[in-house]
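Worksheet for the structure shown next.
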């Protein structure tokens, strides 16, 4: 082998080693990125669960607030219902005539 060929071979070997080193570094970086994505996916899933839980609590609170009626509101509602019943009775009597 000539001296130029040996130089070219050493240069080639050096470049191959550099490529291998860069490949391993990129492989490590890719692994870290995959781990980050997995961790973020877990966080997103947990937050979605939290959102669902809070939405249920909010819905339950709204239902409880609708059910909660003071005595004044109850009397008002009873009066409105009685008035509606009287109006319905009038309509029925007009239809029967």
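Numbering (the working numbering), first residue to last: 32 to 128.
Glycine residues also receive a C-beta, built at the ideal position from the N, C-alpha and C atoms.
It should be emphasised that the depicted structure is a prediction, and the values quoted were computed from it without experimental measurement.
For residue 38, there are no CB contacts under 7 Å within the same chain when 5 residues up- and downstream are skipped.
Annotated three-state conformation of residue 94 is helix, per DSSP.
DSSP, reduced to helix, strand and coil, places residue 67 within a helical segment of the structure shown. Annotated three-state conformation of residue 74 is helix, per DSSP. Straight-line spacing of the CA atoms in residue 43 and residue 52 works out to 14 Å.
Each residue's CA atom was taken as its position, placing residue 120 and residue 109 some 16 Å apart.
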